[in-house]
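Notes follow the structure.
Protein chains in written order, with UniProt numbering: chain A, 1 to 549; chain B, 1 to 324.
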């Protein structure tokens, strides 16, 4: 008996040693890469036809609160997209369409009239009223709330009919309707929210929305379950899946859950797990459009104030290399600081503009000897700075690869670079405290915009904007962006945005690197949900089902 | 023992008060602005919004005022609401504490049974068994918990599919099934320590005079081991088990993260990274309480097992007086 115990212990130790040596496949990142050329982007997956009782889904973090005004975050959005609906709907192809509002029309350029559907009910059965809509919008607009920045130009919000709400603006706001398809357009039942008070959004309390699923239960720390809302007001939407159970894990725990079938699917933000999972049997990875892109944001503290040096550095960057080694091949060299998911209108025009940028200016996918020569000349003209350029890195895989690529590029063209590694909490401070950026000349930034409109990004280059770390100031650029944001006509706005974008690229206000698609992994049995970034705003679970009916 | 109780409780309270202030000040001084982390995504950061968030959470008040407010509310049984989760801190901890306690309890069973068992075995069967145990435990002690976790998941979870790889499971059997691998990963290095301590304590007890005397009186080897050697060695073994278990209460983070378990360890990590003062404060204090309570219990139990150790730390009866 005793001897047996002992041999088991020794045997186990041996097994441990053996598996430590070969457990790389489950460690979450590294190893597998996907050939960027074979990466197919698809916004949707094929339609589901069979019913499913329970589908297990993984999100990367437990939602902090289900009150979307208080807390955002991609995990919470992925869950709540199925529960809460907006006045307008963002579709998988990133275009918008009416939803709780059957019409949203500008009358004059400073007045938006919303005509509401009158057949909508909340999850407790109460009818949605214009008062609920006015109250919800005013709640979003409160300064401490997540979406308050979307309401900066709003002057008044008022009920102007039994099913009509009118919003007036201080100046025309072309992006406001796009925001209404995001979290700024969520409509909640006033009575239900006010009754719960401070407890609204915490575990053990019902939701106050209208979507095809409602919150069934949330056991703090372990799981959150949503179930099909039996009395859903839209007969055109018939969810095949009865309930979705969300659990949370990241890194190797996430990979293991999906590989062993403990979870059926997940939307991923990191490319490491995606690359590993796409090679596993019984699991499919789908790649869709997103607005996420990685760029380098220069600051005004060092030599990069000189546009010639920024352009030189940009010309020498090996973007293909970054895509391959920093993102497992799941990223694509990119000439603008927002991904193609932002093109919610005039797609062809934006696509052409992106291609144009790839053939001139300061962009290379991987630099040729000509590019390096051009870059060297620019450095000569500007005069190589005495002090090295300081690049920050938070030590993550992506940032390490990017900063190494900067070092490599700089070396080729006669610039000196120092990489300073910082804590990730310190990294977040760059975005709020200008003093924290002192001593850093170049900061890698991953940026996504919640609206499918590139105009929503380019205000980052405006004179005096908080995210304009370079202190870039150009009257022509300011005028273009200002005008674009006030131009309600999509075609005309696209033209203005494209002009502003060209100026932004030409002056290398930021140095764009790669765009990162949205990734969904799904067990073989299931199909239906979209693969694009719309998963944070569109009720994707309503499309989820099995392949066979 | 009862006489010393008020003194012990006063000591516990003083420890907690001091610990609470140190923890509060440390979280306050840590780099990073909680308002930024509470404000949602980067594109939404405006000075007005940051000011509104600071005001809502009283982040502009001086350290002493914030600590005083926390202490006052805490004394009235209100640990506040989490910055990050907005839920009551007590509810957040209440939902996660069982997982961590079960994990530690399960791990304790592992390391006590296997650790003491292998230690006894090594002490009783000298020769190759002893060498094997010493070798095995040296190996086990050198494997960090996260490596053990990855290896166990890889072998028993992913390759063989015997155990689930994430989550805490439901019902008693579900719990046991889900927590077996995490508990083993957590227990592995502790098991080695306990095995060593047991082996050493037994060896010392073997060498004592009364064992010789017992042997001379004709008792069987089995009786000698159980009645004399093990009994005399029990003091240090129990003390060590208690200390290791108390240490585990604060050390489950790595294993919880590796196995996707929602316990207080992973709650603490996310609270620290998001500057969630109320949660960090409460979880760390809970860990301090856990440590103090377990070590106090060990102190109290020790004299019962080994009467040579008198309560209060004063020398007790001489060992000679105790031999059978």
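No residue lacks a Cβ here, since even glycine has one placed at the ideal position from N, Cα and C.
None of these values were measured; they are calculated from a predicted model.
- Using a C-beta cut-off of 8 Å, the region 113 to 126 of chain A makes no contact with the region 44 to 55 of chain A, since fewer than three inter-stretch Cβ pairs fall below that distance.
- At least 7 Å separates the CB of residue 241(A) from every CB of chain B.
- The contact set of residue 256(A) on chain B, defined by CB atoms closer than 7 Å, consists of 153, 157, 158, 165 and 166 in chain order.
- Linking residue 146(A) to residue 390(A) through their CA atoms gives a straight-line distance of about 33 Å.
- Here the alpha carbon of residue 160(A) sits roughly 18 Å from the alpha carbon of residue 177(A).
- For residue 341(A), there is no enclosing beta strand (DSSP E), as DSSP marks it with neither H nor E.
- Under the criterion of beta carbons closer than 8 Å, residue 53(A) and residue 245(A) do not qualify as touching, at roughly 11 Å.
- Residues of chain A with a Cβ closer than 7 Å to the Cβ of residue 48(B) are, in chain order, 143.
- Look at the beta carbons and you see the region 179 to 186 of chain A touching the region 439 to 452 of chain A: at least three pairs across the two are nearer than 8 Å.
- Annotation for residue 94(B): the continuous alpha helix (DSSP H) segment containing it runs 89 to 110.
- Between the alpha carbons of residue 41(A) and residue 351(A) lies a gap of roughly 15 Å.
- In this structure, residue 480(A) lies near residue 496(A), with their beta-carbon atoms less than 7 Å apart.
- Taking 7 Å as the cut-off between beta carbons, the residues of the region 248 to 264 of chain B near chain A are 258, 259, 260 and 262, in sequence order.
- Within 10 angstroms of the beta-carbon of residue 96(B) lie 16 or more other beta-carbons, which makes it buried.
- Residue contact with chain B for residue 474(A): absent (no Cβ-Cβ distance below 7 Å to any residue of chain B).
- Sequence-ordered contacts of the region 82 to 94 of chain B with chain A read 84, 85, 86, 87, 91 and 92 [C-beta pairs closer than 7 Å].
- The beta carbon of residue 427(A) is closer than 6 Å to those of 394 in its chain, skipping five residues each way along the sequence.
- Residue 33(B) belongs to the set of residues whose beta carbon lies under 7 Å from a beta carbon in chain A.
- Judged by beta-carbon spacing, residue 139(B) lies beyond the 7 Å limit of residue 181(B), meaning their Cβ atoms are not closer than that value.
- Taking 7 Å as the cut-off between beta carbons, the residues of the region 258 to 270 of chain A near chain B are 259, 260 and 262, in sequence order.
- Look at the region 216 to 247 of chain A: the residues with a C-beta under 9 Å from a C-beta of chain B are 219, 220, 221, 222, 223 and 247.
- Against chain A, a Cβ distance below 7 Å from residue 273(B) picks out 425.
- Taken atom to atom, the span from the alpha-carbon of residue 128(A) to that of residue 101(A) is near 11 Å.
- Rounded to whole angstroms, the gap between the alpha carbons of residue 141(A) and residue 91(A) is 24 Å.
- Taking the Cα positions, residue 135(A) is about 9 Å away from residue 157(A).
- Residue 297(A) is outside the set of residues whose beta carbon lies under 7 Å from a beta carbon in chain B.
- The Cβ atoms of residue 205(B) and residue 232(B) sit closer than 7 Å to each other.
- Straight across, the Cα-Cα distance linking residue 508(A) with residue 228(A) is about 49 Å.
- Distances from the CA of residue 113(A) to each of 163(A), 306(A) and 284(A) were compared; the closest alpha carbon is that of 163(A).
- Within the region 44 to 103 of chain A, the runs of beta strand (DSSP E) at least 3 residues long that lie entirely inside it are, in chain order, 52 to 59, 88 to 90 and 96 to 98.
- Inside the region 130 to 186 of chain A, DSSP marks whole alpha helix (DSSP H) runs of 4 or more residues at positions 130 to 141 and 176 to 180, from first to last along the chain.
- Beta-bridge annotation (DSSP): residue 393(A) is paired with 421(A).
- Bounds of the beta strand (DSSP E) holding residue 218(A) are 213 to 219.
- Residue pairing for residue 334(A): DSSP places it in no beta bridge.
- Collapsing the DSSP output to three states places residue 351(A) in a helix.
- In terms of beta-carbon proximity, residue 249(A) lines the interface with chain B, with at least one pair separated by less than 7 Å.
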